[in-house]
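Asks: Residue numbering for the sequence shown follows this note's numbering, starting at 9 and increasing by one per position.
Handing you a structure now.
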Amino acid sequence: MMKRLTFSLTLWLAAYAGWAQEGYKTLPLNDLSSFKAQAGNWMIVGDVTMDRNLSIHHEAPPVETGKKKKKSKATPEPEHPVKYTSGQGILLNFNDDQKKDNLVTNWTHGDIELELEVMIPKGSNSGIYLQGNYEVQLLDSWGVKNPGFGDIGGIYRNWENEPAKAYAGKAPRTNAAKAPGLWQTIKISFQAPRFNTAGEKVENARFVFVELNGVRIHDNLEVPRLTGGPINDKEVAEGPLMIQGDHGPVAFRNIRYRLLKPANVSLSGINYEVFDGHFESEKDFKDLKPTLIGSTEQLTWEVAKKDNEFAVRYYGALEIPADDTYKFSANTGNAMKLVIDGQTISNYYERGGKPVKLTKGTHSVEITYFKYVSWVSPNMGLWVESSNSYPQALHAFSSFPPASNVASPIIVETGNSPRLLRAFLDFKRDRSQRLTHTIAVGDPAGLNYIYDMKSGSVVCLWRGGFIDATPMWHDRGDGSFRPIGVVEYLTSKPTLVLPGQSSANFELNNIPDFRSSGYTLDGDGLPTFLYTYSGASVKDKSKLVEEGKVFQREVSVENAPAGSQVRIAEGSQIRKLDNGAYAIDGFDYYIELKSAQEATIADKGATKELLVPTTGSVVYQIVW
9 MMKRLTFSLT
19 LWLAAYAGWA
29 QEGYKTLPLN
39 DLSSFKAQAG
49 NWMIVGDVTM
59 DRNLSIHHEA
69 PPVETGKKKK
79 KSKATPEPEH
89 PVKYTSGQGI
99 LLNFNDDQKK
109 DNLVTNWTHG
119 DIELELEVMI
129 PKGSNSGIYL
139 QGNYEVQLLD
149 SWGVKNPGFG
159 DIGGIYRNWE
169 NEPAKAYAGK
179 APRTNAAKAP
189 GLWQTIKISF
199 QAPRFNTAGE
209 KVENARFVFV
219 ELNGVRIHDN
229 LEVPRLTGGP
239 INDKEVAEGP
249 LMIQGDHGPV
259 AFRNIRYRLL
269 KPANVSLSGI
279 NYEVFDGHFE
289 SEKDFKDLKP
299 TLIGSTEQLT
309 WEVAKKDNEF
319 AVRYYGALEI
329 PADDTYKFSA
339 NTGNAMKLVI
349 DGQTISNYYE
359 RGGKPVKLTK
369 GTHSVEITYF
379 KYVSWVSPNM
389 GLWVESSNSY
399 PQALHAFSSF
409 PPASNVASPI
419 IVETGNSPRL
429 LRAFLDFKRD
439 RSQRLTHTIA
449 VGDPAGLNYI
459 YDMKSGSVVC
469 LWRGGFIDAT
479 PMWHDRGDGS
489 FRPIGVVEYL
499 TSKPTLVLPG
509 QSSANFELNN
519 IPDFRSSGYT
529 LDGDGLPTFL
539 YTYSGASVKD
549 KSKLVEEGKV
559 FQREVSVENA
569 PAGSQVRIAE
579 GSQIRKLDNG
589 AYAIDGFDYY
599 IELKSAQEAT
609 IADKGATKEL
619 LVPTTGSVVY
629 QIVW
């Protein structure tokens with residue numbers, strides 16, 4: 009019975025996210041033709057790197073030169089943290105005292121969804137202005153404990169003093185920032201202010217949501233006034249996208265957007281039939297006479313007049329405003345079927361309906377819903393959208409109120425000392441990659457990791473809260489937990505690489521000749537994991553450095569076969585940087601080797617591995 013409950017809110021959002029990609033346009037970055045003329049600080053480049061250790065405010069110390077008896081000091085040109093090469097695909101601001109224009113698109117927008125990647129050097133500052141008026145702040149905020157409106161993802165304040173004109177800004181819910189010089193993802197859904205025919209504002213601008221590195225940092229946030237530094241002196245229905253260019257270097261890539269409009273689909277003339285009883289499938293009530301018939305102005309399960317053991321079949325007319333492809337998505341903890349013009353669009357336990365081409369005009373619709381799980385709320389929701397519209401609810405508000413079918417989360421925090429918690433982990437949130445012997449290690453500094461005791465690997469680490477144990481402890485539970493925050497998934501393969509061993513096909517939770525010996529705790533409560541693997545003995549200890557911002561791991565191996573290596577990173581791309589660090593997966597995170605060994609990059613086809621010989625302890629840091 010449990011596996012039928014597939015219409016959870018999470019799954020619906022996943023289906024919606026996949027469908028929404030179809031309406032996106034890519035902003036071309038082969039030249040600057042999408043933008044208005046500027047002073048020359050903005051350019052298109054092919055590659056960019058930003059040394060995380062060098063601030064844009066860095067000044068090199070004086071260097072002594074000349075003879076021994078007479079010393080003079082010369083100040084060399086300081087090394088700039090930003091380096092770039094010619095080419096296409098990356099938008100770079102490289103401003104100075106003379107060239108420091110903002111960058112403004114030559115197109116305007118109202119409602120919009122915007123996705124992009126941004127790279128910020130240490131100490132730099134910029135901002136993305138929706139309609140040129142409402143700023144989402146960009147700042148090097150790595151490691152900030154209590155972010156404010158001026159940190160990355162914050163909605164910036166304005167500088168008005170009169171209460172009627174002032175806006176105090178809004179801090180992000182949490183700091184989801186990565187380290188300087190790494191690519192960070194931002195997704196913004198923005199709703200423009202609304203005006204009546206007289207030009208009077210009747211609805212404020214709104215950030216439907218803002219996500220930074222996959223973490224929701226704003227939700228349904230109204231912005232009643234202009235933020236600081238707008239392009240206009242008043243709010244408008246449409247305006248250009250603007251990027252701040254006078255506060256420091258910043259780079260962008262993979263900029264995509266879709267201009268949104270209301271779906272304007274309506275459902276009317278709804279008649280219904282109610283059947284009483286416990287039904288496992290449609291055939292159980294197909295030939296029964298209804299116990300109740302009637303009509304309703306809105307789609308709702310409430311016409312059944314009971315909470316459990318019933319089925320309802322609805323018939324109505326669907327009014328489509330224009331020829332287009334539409335997507336219908338259902339959300340219910342029970343079963344629901346949608347048929348349009350005799351064609352089945354979603355069939356009971358599917359996660360979401362298939363896209364369907366509909367012509368302008370009226371279409372027949374049939375909806376069947378039955379409630380058979382007594383402990384699940386009898387909620388029923390149905391949404392529709394085109395490729396360039398927000399999801400529009402076709403159901404009554406009371407039929408699926410906000411947070412329906414969503415259990416109160418069971419959150420585990422670390423407290424004032426490290427905390428360890430064992431459970432299953434769906435690696436990369438993929439149920440087919442469930443790891444069965446994982447242990448989460450939480451640090452009060454807010455940087456946490458999960459260790460797989462079946463492979464001796466750190467499978468992921470994250471910054472933020474500790475653990476969402478809801479899947480494990482709510483109701484019947486499934487034994488799994490989820491990290492809370494910006495998660496960096498690493499690898500589930502064994503850390504120790506034996507000579508001649510192929511890393512292509514390891515079976516999850518079943519590494520031959522691998523034996524865990526548990527762990528010991530030091531005086532601070534931090535674990536050292538112990539295991540043997542094909543005769544080798546391994547000690548594996550991790551801690552935080554750089555004021556809790558960097559994860560450091562030390563792997564000590566004894567009695568390993570000659571030629572054994574330690575796998576310290578895996579990715580589709582591994583690149584050695586000028587400062588000796590390694591950028592993994594296109595600057596998703598850094599690896600910095602701290603022990604004396606020389607690392608090698610092994611080409612495994614589609615995957616690259618960073619390997620270190622087991623001569624002495626291997627010490628390295630992960631920075632993200």
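From the three backbone atoms N, C-alpha and C, an ideal C-beta is built for every residue, glycine too.
Would you check if the distance between the CB atom of A200 and the CB atom of Y398 is smaller than 8 Å?
Replies: On the sequence shown, position 192 is the one that residue 200 refers to. On the sequence shown, position 390 is the one that residue 398 refers to. Not closer than 8 Å, so no.
Asks: CB of K368 to nearest heavy atom of the ligand FAD: below 7 Å?
Replies: This structure lacks the ligand FAD; in fact it carries no ligand of any kind.
Asks: Are the CB atoms of A410 and D476 nearer to each other than 8 Å?
Replies: In the sequence shown, residue 410 corresponds to position 402, counting from 1. In the sequence shown, residue 476 corresponds to position 468, counting from 1. Correcting the residue identity first, residue 410 is Pro in this sequence and not Ala. It is not a contact, given that the beta carbons lie outside the stated cut-off.
Asks: Quick one: what does DSSP say S397 is sitting in, helix, strand or coil?
Replies: Residue numbering aside, residue 397 sits at position 389 when the sequence shown is read from its first letter. Strand, per DSSP.
Asks: Take the Cβ of T370 as the centre, count every other Cβ of all protein chains shown within 10 Å, and call the residue buried at 16 or more, exposed below.
Replies: Here residue 370 refers to the residue found at position 362 of the sequence shown. Exposed, since its Cβ has fewer than 16 Cβ neighbours within 10 Å.
Asks: Would you say the stretch 195-213 touches the stretch 237-247, given that touching needs at least three Cβ pairs under 8 Å?
Replies: yes
Asks: Could you say if the stretch 291-299 and the stretch 56-67 meet the contact criterion of at least three C-beta pairs nearer than 8 Å?
Replies: no
Asks: Please go through the same chain and pick out, in chain order, the residues whose beta-carbon is closer than 8 Å to the beta-carbon of K78, but skip the five residues on each side of it.
Replies: For the purposes of this step, residue 78 is taken as the residue at position 70 of the sequence shown. Residue confidence for K78 is low, a pLDDT of 48 falling below 50, so the modelled location carries little weight; the figure read from the coordinates is stated next. So the list is empty, once near-sequence residues are dropped.
Asks: Taking C-alpha atoms, which residue in E421, K462, F203 and D105 lies nearest to Y541?
Replies: Position 533 of the sequence shown, counted from the start, is the residue given in the question as residue 541. Of E421, K462, F203 and D105, the residue nearest in Cα terms is K462.
Asks: What is the DSSP secondary structure of F595, counted as helix, strand or coil?
Replies: Translated into the one-based positions of the sequence shown, residue 595 becomes position 587. Reduced to three states, the DSSP call for F595 is coil.
Asks: The beta strand (DSSP E) spanning W50 covers which residue range?
Replies: Translated into the one-based positions of the sequence shown, residue 50 becomes position 42. Per DSSP, W50 belongs to the beta strand (DSSP E) from W50 to M58.
Asks: Does the stretch 371-384 come within contact of the stretch 427-445, defined as at least 3 CB pairs closer than 8 Å?
Replies: Because the criterion of three Cβ pairs below 8 Å is not met, the stretch 371-384 and the stretch 427-445 do not touch.
Asks: Tell me the DSSP bridge mates of K178?
Replies: Looking up residue 178 in the sequence shown gives position 170. Bridge partners of K178: I163.
Asks: Check whether the Cβ atoms of G156 and A179 lie closer than 8 Å to each other.
Replies: Position 148 of the sequence shown, counted from the first residue, corresponds to residue 156. Position 171 of the sequence shown, counted from the first residue, corresponds to residue 179. Cβ distance < 8 Å, so G156 and A179 count as in contact.
Asks: Is K186 helix, strand or coil by DSSP?
Replies: Locating residue 186 in the sequence shown gives position 178, counting from the first residue. Reduced to three states, the DSSP call for K186 is coil.
Asks: Measuring CB atoms only, is the stretch 508-527 touching the stretch 482-493, in the sense that at least three cross pairs come out at less than 8 Å?
Replies: no
Asks: Note down, in chain order, each residue of its chain lying with its Cβ closer than 6 Å to the Cβ of E281, except the 5 sequence neighbours on either side.
Replies: The count along the sequence shown starts at 1 and reaches residue 281 at position 273. Correct list, in chain order: P298, I301 and R321.
Asks: Identify every residue that forms a DSSP beta bridge with V218.
Replies: The residue given as residue 218 occupies position 210 in the sequence shown. Beta-bridge pairing links V218 to I196 and H226.
Asks: Roughly how many angstroms separate the alpha carbons of Y323 and G135, rounded to a whole number?
Replies: Here residue 323 corresponds to residue number 315 of the sequence shown, with the count starting at 1. Here residue 135 corresponds to residue number 127 of the sequence shown, with the count starting at 1. Cα to Cα, Y323 sits roughly 50 Å from G135.
Asks: May I ask you to report which of helix, strand or coil DSSP gives W391?
Replies: To locate residue 391, count along the sequence shown from 1; it is residue 383. Looking at W391 - three-state DSSP - the assignment turns out to be strand.
Asks: For V467 versus L504, is the C-beta distance shorter than 8 Å?
Replies: Looking up residue 467 in the sequence shown gives position 459. Looking up residue 504 in the sequence shown gives position 496. No, they are not a contact pair.
Asks: Use the C-beta contact count for G526: other C-beta atoms within 10 angstroms, 16 or more gives buried, fewer gives exposed.
Replies: Counting from 1 along the sequence shown, the entry for residue 526 is found at position 518. That one is exposed.
Asks: Assuming G247 and G140 are in contact, meaning their beta carbons sit under 8 Å apart, how far apart are those beta carbons, in whole angstroms?
Replies: The sequence position of residue 247 within the sequence shown is 239, counting from 1. The sequence position of residue 140 within the sequence shown is 132, counting from 1. Going by Cβ atoms, the distance from G247 to G140 rounds to 5 Å, so yes, they are a contact pair.
Asks: Could you spell out the range, first to last residue, of the beta strand (DSSP E) harbouring M127?
Replies: The residue labelled residue 127 in the question sits at position 119 within the sequence shown. Element bounds for M127: I120 to M127.
Asks: Would you kindly work out how many angstroms separate the C-alpha atoms of W470 and N456, rounded to a whole number?
Replies: By one-based count along the sequence shown, residue 470 stands at place 462. By one-based count along the sequence shown, residue 456 stands at place 448. Each residue's Cα considered, the two are about 5 Å apart.
Asks: With a CB to CB cut of under 7 Å and the five nearest residues on each side skipped, what residues in its chain are close to G533?
Replies: Here residue 533 is taken as the residue at index 525 of the sequence shown, counted from 1. Here the set comprises S425 and P426.
Asks: Less than 8 Å between the C-beta atoms of L346 and V258, yes or no?
Replies: What you label residue 346 is simply residue 338 of the sequence shown in a count that begins at 1. What you label residue 258 is simply residue 250 of the sequence shown in a count that begins at 1. Their beta carbons are not under 8 Å apart, which means L346 does not touch V258 by this criterion.
Asks: As a quick exercise: from M388, W383, S354 and F489, pick the residue whose alpha carbon is nearest that of E421.
Replies: Position 413 of the sequence shown, counted from the first residue, corresponds to residue 421. Looking from the CA of E421, the closest CA among M388, W383, S354 and F489 belongs to F489.
Asks: Mapping DSSP to helix, strand and coil, what is V364?
Replies: Looking up residue 364 in the sequence shown gives position 356. Reduced to three states, the DSSP call for V364 is strand.
Asks: Using three-state DSSP, classify D434 as helix, strand or coil.
Replies: Position 426 of the sequence shown, counted from the first residue, corresponds to residue 434. Judged by DSSP in its simplified three-state form, D434 adopts strand.
Asks: Specify, as a first and last residue, the run of the alpha helix (DSSP H) that M480 falls within.
Replies: Residue numbering aside, residue 480 sits at position 472 when the sequence shown is read from its first letter. Where M480 is concerned, the enclosing alpha helix (DSSP H) stretches over T478 to W481.
Asks: Assuming V558 and L552 are in contact, meaning their beta carbons sit under 8 Å apart, how far apart are those beta carbons, in whole angstroms?
Replies: In the sequence shown, the residue the question calls residue 558 occupies position 550. In the sequence shown, the residue the question calls residue 552 occupies position 544. That pair is a contact at about 7 Å.
Asks: In or out: E143 buried (at least 16 other Cβ within 10 Å) or exposed?
Replies: To locate residue 143, count along the sequence shown from 1; it is residue 135. Its Cβ being crowded by 16 or more others within 10 Å, E143 is buried.
Asks: Do you know how far the Cα of S354 is from the Cα of L19?
Replies: Reading the sequence shown from its first residue, position 11 is the one you call residue 19. Reading the sequence shown from its first residue, position 346 is the one you call residue 354. At L19 the pLDDT is 37, less than 50, meaning the model places this residue with poor confidence and gives no usable figure here.
Asks: Run the CB neighbour count on P188, radius 10 Å, all protein chains shown included, and call it buried at 16 or more, exposed below.
Replies: Start at 1 with the first residue of the sequence shown, and residue 188 comes out as number 180. P188 is buried by the Cβ-count criterion.
Asks: My assumption, with CB atoms under 8 Å, is that V620 sits in contact with V574. Please give the rounded CB distance.
Replies: Translated into the one-based positions of the sequence shown, residue 620 becomes position 612. Translated into the one-based positions of the sequence shown, residue 574 becomes position 566. That belief holds up - the Cβ atoms of V620 and V574 are roughly 5 Å apart, short of 8 Å.
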